[in-house]
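First up is the structure itself, then whatever we jot down about it.
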Amino acid sequence: MRVKAQITMVLNLDKCIGCHTCSVTCKNTWTKRDGVEYVWFNNVETKPGVGYPIQWENQEKWKGGWQLKENGKLQLKQGGKLFEFLNIFHNPNLPTIDDYYEPWTYDYEHLFNAPKQKHQPVARAKSLISGEKIDIKWGPNWEDDLAGAPEHAVNDPNIQKMAQEVRMKFEETFFFYLPRLCEHCLNPACVAACPSGALYKRNEDGIVLVDQDNCRGWRYCISACPYKKVYFNWATQKAEKCTFCFPRIEAGLPTICSETCVGKIRYIGVILYDPDKLTELLNEKDDKKLYEKQLEIFLDPHDPKVIEQAKKDGVLDNYIEFAQKSPVYKLMVKYKVALSLHPEFRTFPMVWYVPPISPVLQLFEDKSYDELFSSIDEMRIPLEYLANLLTGGNVEAIKGAINRLVAVRYYMRAKELGKEIDTKKLEEVGLTPEGAEELYRMLAIAKFEERFVIPTTRKEFDRDVYKEQGMTGFDYTPDCDFCLP
Amino acid sequence: MKRKVSYLLKKFTSFAPKETYSGGHSALTEQDRTWEDFYRRRWQHDKRVRTTHGVNCTGSCSWWVYVKNGLITWETQALDYPTTGPDFPEYEPRGCQRGASFSWYIYSPLRVKYPYVRDVLLDAWRKAKEKNHGDPVKAWDEILSDPIKTKEYKSARGRGGFVRVSWDEVKELIASQLIHTIKKYGPDRIAGFTPIPAMSMLSYASGARFLSLIGGTMLSFYDWYADLPPASPQVWGEQTDVPESGDWYNSTYIMVWGSNIPMTRTPDAHFFSEVRYRGAKVVSVSPDYAEYVKFADEWMQLNPGTDAALAQAMTHVILKEFYVENPEEYFIDYAKQFTDLPFLVMLNKDEDGFTVDRFLRASDISKNVSNAEWKLVVLDEDKNELVIPNGSIGYRWEDTGKWNLKLEDENGNKINPALTILGKEDEKGFVKLPYFEDDKKGILKREIPVKKVEIDGKEYYLTTVFDLFLANYGVKREGLEGYPSSYDEDVPYTPKWQEKITGTPAKQVERIAREFAKNAAESKGRSMIIMGAGINHWYNADLIYRSILNLVILTGSQGKNGGGWAHYVGQEKVRPFEGWATLAFARDWQAPPRLQNATSFWYFTTEQFRYEDNNIEKLASPIKGKTKYKHPADYILLAVRLGWLPFYPQFNKSSLELAEEAKRAGKNPKEYIVEKLKNGELEFSIQDPENPVNFPRSLFVWRSNLISSSAKGHEYFLKHMLGVENTGVMAEYSPLKPEEVKLREDAPVGKLDLFVVLDFRMTGSALYADVVLPTATWYEKTDLNSTDMHPFIHPLNKAVEPLWESKSDWQIYKEIAQTFSKLAEKHLQGEYEDIVTAPLMHDSPAEISQPYGKVLDWSKGETEPIPGKTMPNIAVVKRDYTKIYDKYIALGPNVYEKPVGAHGWSFDAKEEYEFLKTMIGTHKDGINKGMPNIEEDEKAVEAILTLSTCTNGKPANKAWKFAAKKTGLPEVADIAKDRESEHFTLKEITAQPRVSISTPIFTGTTHFDRRFTAFSNSIEYKIPFRTLSGRQELFIDHELFTEVGENLPVYKPPLVINPFEDWENPPEVDEKTIKARWITPHGKWQIHSTYYDNLIMLTLFRGGQVVWISDEDAKEAGIKDNDWVEVYNRNGVVVARAAVSHRVQKGMALMYHVQDRTIHVPISEITNETGGSHNATTRIHIKPTYAVGGYAQLSYSFNYYGPTGTQSDSVVLIKKKKKVEWSN
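Just so you know, the protein sequences line up as chains A and B, in that order. Per our numbering, the first sequence runs over residues 3 to 487. Per our numbering, the second sequence runs over residues 404 to 1627.
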């Protein structure tokens, strides 16, 4: 065993209102500049839908993530080092700008400057790439609320993989939102793919970054990432990606997208895991089992053996303490209501999702538990669809998570109206009354301090912080030998 | 600079594994990470400032704006709201994607940086000024007396040609035009439109104060936007009061009805998603699969506009199961105490049964009581006697301390009101009740119990409102005939009956109604209905709402935490109301201000009445079959004549000149006006709205994008108000002509002489203005913001100083006032008397001026013209036009001399006035010497906070004491006692948001540990509703309601409107068209038009105007997703892209309000002009019942009651666009 700490995020899709505030605040802070106009470190997609970039989930097309070779070994789907070497000047699996969208602006000035004319002037759209007038055909959120779904959403890979037919019909309409950011995977394909070693996963918190000094713009990270969350900055000619707002995380603050999430769907905390088990678990052949395999890599932060080993492995005390209070550990491991996004990509992603439960038909106290759970099968959102998205096709895992969420509602309704509570039924879905109440509190009430349990960065152990206190922030000339970096 | 490390060395270190694991799959390496500062430096900032967005989204979210290197870089939501308690979700973070994108505007190319004037006008005015020896007023006179010059600049509006101009010159251009208007036509030809004070109160107050001081007119917005739910004043006598969003979390059963919570109540939505985990059931009612449907356990899917039918059937189920079959004690007790259901109604007997007359009054039963015409009567269940309970409106306007909801008569005897006559009846008889369906109307005949009473030889047939209710809803009781026997019978208002109208399965309706009521019974009123614009923008919004309100009233949920109506349309709640109203309408100096119902103003100003497609007689009750008038214009004239509604311009003569005339004639101006009106020598302006002397001449628009946003029928605005050539109007003059409103041969075009827009961005309105003035953004000024969604008051603060040449609105109007006053020294010397008419106001003694709900028209000799009683009040206001500036910048003496208050509650503010002198300083000389100085924005804000009960504990306590006396309820005096020492200042609310103080001007109380809900004061303290009966009124007995069959809630279909009327010829098009109901709900990427033109929002959804249509309709018309389409009807054309989706029902087209015609809109091939925005295809439809006044809760108040600007009742044709051409 070896212990590492990972900063992890859970998003409750059941609460996501699809407002895109996360995307906007992220964009304002990180990607509102030349070269990354089309880049959304965080974006929100309406599901079903093909997303951004188009059909990013289709690895037959993009060759992202990992695959098991015939010899049972894990290899990048796009190919190993030899492939990279042979294709170093032309990576065949890169999305083009049209797969994202051609960013645009408008001729706003014309509204002020138009001379007297026959018709009312308008601000026409123009490309941010060519500067020419543009016919807008696609965007980063083109499919919002199922816009154009009859034409596009049928190409959603999660639908195409379904046995059950999904009809784009008024009466059967369903949708939900999927906010996406870099998964800061435990087995990041982008890091493995970089010929320059510019991508790395930080030892202290598992955040995956592209070293802007070392990146040479080969773009293998872009094609290797199955989530398409590494982007190319055309101005700097380097790859950039979501940094998990590490400057904020280091200060104990949540990421911008999490702090500004007005639906209050995001949770951030520490998870301890055992990196030694990585390849063994990922060598599982059955995609449907990968979600559960990933659960096996996580360590119980209360286990004395884990704590002892963690200390040996240099995990700082505050990380251990925060891992014990971790809201994400509870949602992912303790209550198993949060699930992994496409575990079949075999990167062990670390941004997890609570599936949407609504609409459940006729939830009311007149219904028995049994009737209630049978109605989950009739959910508007097909369980198989959710399974393709969140458990590598494992429908039972989806059902288990949803059962627990519905049980919480049922339990709390009885409590609110002073009715009898059937705890046996809670047990059947793996909950105790205390557990139901804890889960309720996490889902419904969770205050800022409960949603975000983030250790601050510790510098006192490996630096002269006494000296650094007065110098931090100052830039010195290159020839200053004694200056701190 | 970091230490230099050779690149080669770095490569080595980064590749050298320190440690490997997982079978060599992963490695720990040592590499230089100093580059990480690249991102750290971006995050670092110099300061953050608390402010908010002054936009009408109802959010009122506190934001932190970040400044780095002197630039505003981004914003994030503030997180430091006071807690809601340990086991309750918090308000943080509040703020959505739209607000988060605001910083884009600050430095964007869309920013209005300087004052602009159109070159045609500027050249003409400069030349004329020069010719007239530099006299700017004469310059205007010269231009405006020349029809060619006038047409030249008016027809150029909206067609480019802006030039930059200096502040000094533009102020003179504006001020001189105002003086021209005042001299020639009178001050009431100058109007201002700015909406929603709650979004930035001081900025609202700026122009309002200036215009009020000069005698101009302020136009309403809440009714005009159709955000006002007319049912609220009708049922409760209250404009709007609703639970804060946190109270949703107290509910155990929520229906969401036409309110797209995630999309439009974004910062509040989490309470809605969270309460589900607490076990609340959620039901959605919607014609499309809207975002809120995603969160619901059930979807009641219905046809657009048929919501009332569904609610009527639910009412039927609740009455039958919970009142008749198994009476629920909790509901019955509530109904007896807090509704008008037990009150007695008179019936008229004729050969085939009874018809409904009006409430029985104390005056009918010859009781020797004061205000007897305004006190209602119940039957005491125990004594079987007619008794007069406390609380009717007659008690409100006498100081007997009996205006309360105790079940007592005025001698203090206990009363037990009988809900029904059944069992005590003297006879039974069939009552005739009207009903309406999609293509027919008819008369229901249902047997009811009747009490027969003889008083002074006159026979009265009486029944209760409850008995009428059961008859109306078809709820059968033993021994009464004429009722459906089961839910399956297809007659009004069974579940089966509604099914054919709404398309919602009868069984579902029945079950949901039962669940909703059962939940209320078990939880004591925690059943809630969140409702909104989706059902409020219809012509018959009041009927839809009254039908739905039945559900929360009959289940005892109204006034209970977690229950009742939760209506959210528009940010109407100005918490510090008294202070704001004092400043805004210059009440500190003079009264009354001219406050006008905007709907009727635009209806005439834009000539939409010429094209009227709504014959009121077609909507008449089948019982009477006739209406007083056919044309809505005549109803407005009636309403103005009788003092129900205001109308400015007032008379066909200048109000200053009339005062002069009266003086010359040696007469009292009031008597003089009455005499002249009576003998016809003087006319109300709207008797002849097409006469140039009656045109409004000058219009200011600020904090608003009138033309593209709220202007129902905006092409009519362009054509008739502005004089733009080639608009989208395809309608022809209607064959329906008013009887009393005069028509000229042709409808005038270009009525306005000057159109001024203040904005920080170039909107569709600014584009059509003569003058555009640059305002400071919400990150560059000081102001206040509040909402009903939460109990806090937020400041706007400067993160940076106003950029380029922009200024705050308060400063802009201050400077205009200064220039104006200076010019007045030459052109408007001396003191003028201004005759101001004012309507019979709600919450004033005038609300009991026209008894019995009978219309008596003095112009027909039916009564005498008595100002303030049978016609408008007439007041004389003195104006010194040279002193406008001095008054603007000082808080006037009335604050000291007269009580300050609102909604009938007031307090003495002497103490506060004195306090302000110390706090903000005084003026040192001039007419305002010694008065508090409100010249600076910050000081004016302090004045508002000091003079308001919700932000200052002392006034709050004074007002509660007043309320205790008025109601005879001593415990009311102490409601805000614990907060007496608090006084909010700008700095304090900037340091942290604060929970506002409980005040009688709102209907519930605010505490730290309790969420606000509306009308809890009535339920908990027994403070009356401000209605005729003092209770929640389910029965309305006014004559105009009777003539259209709306005494009781009924279902009425959407106004049946074709895209074109039968007297018109639709344009010929080659393509296949589809016909669709035009629905314009609030959108996701814009708050009205704000943010719509923001690049971030445009990028996030399709980059221009979009119309949503169903895949089936699209297929029929050969339209593919993202195709350009033209959407058109008689009113105009929209050019947009199609969003084709199966989540939209066939037969409806959704265009989210407000996209703007300024962004990427091509030329229409139908009109050969740039396509319009969502209101190009709508128009104003006036509902006459909303004009009723002088009658208890049916009395006018600004933004409170009055005709609404409905926009959902229109139908369009949609076709694929053939070619795409652009204006540039």
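C-beta: ideal position from N, C-alpha, C; glycine also.
Same chain, Cβ closer than 7 Å to residue i, neighbours up to 5 away in sequence not counted
{"i": "A:Glu422", "result": "Ala416"}
{"i": "A:Trp32", "result": "Phe43"}
Residues near residue i in its chain [Cβ-Cβ closer than 6 Å; skip 5 each side]
{"i": "B:Gln1489", "result": "Tyr1495"}
{"i": "B:Ser623", "result": "Asn1000, Ala1001, Phe1601, Asn1602"}
Where residue i sits in the DSSP three-state scheme
{"i": "B:Gln580", "result": "helix"}
{"i": "B:Asp483", "result": "coil"}
{"i": "B:Met717", "result": "helix"}
{"i": "B:Leu825", "result": "coil"}
{"i": "B:Glu724", "result": "helix"}
{"i": "A:Glu462", "result": "coil"}
{"i": "B:Gly845", "result": "strand"}
{"i": "B:Val790", "result": "strand"}
{"i": "B:Glu1234", "result": "strand"}
Through-space distance from residue j to residue i, alpha-carbon basis
{"i": "B:Tyr1051", "j": "B:Tyr628", "result": "19 Å"}
{"i": "B:Asn943", "j": "B:Leu1259", "result": "26 Å"}
{"i": "B:Ser429", "j": "B:Cys499", "result": "41 Å"}
{"i": "B:Asp1440", "j": "B:Glu918", "result": "32 Å"}
{"i": "B:Ser409", "j": "B:Asp440", "result": "Here the model assigns B:Ser409 a pLDDT of 41, short of 50, so the residue's position is not dependable, and the following value carries that caveat. The straight-line gap from Cα to Cα measures roughly 19 Å."}
{"i": "B:His719", "j": "B:Phe725", "result": "10 Å"}
{"i": "A:Gln471", "j": "A:Phe450", "result": "29 Å"}
{"i": "A:Leu1", "j": "B:Asn964", "result": "Any answer about residue 1 of chain A is impossible in this case: the structure gives chain A only from 3 up to 487."}
{"i": "B:Phe1463", "j": "B:Gly1535", "result": "11 Å"}
Spatial neighbours of residue i in its chain, beta-carbon cut-off 8 Å, leaving aside the 5 residues before and after
{"i": "B:Asp767", "result": "Met749, Val780, Ile858, Tyr863"}
{"i": "A:Leu307", "result": "It is Lys, not Leu, that sits at residue 307 of chain A in the sequence shown. Only Met3 meet the Cβ criterion."}
{"i": "A:Arg453", "result": "Pro256, Ser260, Lys266, Arg268, Tyr269, Ile270, Pro329"}
{"i": "B:Asn472", "result": "Asp449"}
Chain A within 9 Å of residue i, Cβ atoms only
{"i": "B:Lys450", "result": "no"}
{"i": "B:Leu1170", "result": "yes"}
{"i": "B:Arg1560", "result": "yes"}
{"i": "B:Glu1236", "result": "no"}
{"i": "B:Trp477", "result": "yes"}
{"i": "B:Met666", "result": "yes"}
{"i": "B:His970", "result": "no"}
Where the beta strand (DSSP E) containing residue i begins and where it ends
{"i": "B:Pro1138", "result": "No beta strand (DSSP E) contains B:Pro1138, which DSSP labels as neither H nor E."}
{"i": "A:Lys128", "result": "127-129"}
Chain B contact for residue i (CB, 9 Å cutoff)
{"i": "A:Pro1", "result": "The structure shown does not extend to residue 1 of chain A, since chain A spans only 3 to 487, so no value can be given for it."}
{"i": "A:His22", "result": "yes"}
Check: residue i C-beta below 8 Å from any heavy atom of the ligand ADP
{"i": "B:Leu705", "result": "Judged by which ligands are present, the structure shown has none, so any question about the ligand ADP falls away."}
Alpha helix (DSSP H) segment containing residue i, residue limits
{"i": "B:Lys899", "result": "898-905"}
{"i": "B:Met1500", "result": "1498-1503"}
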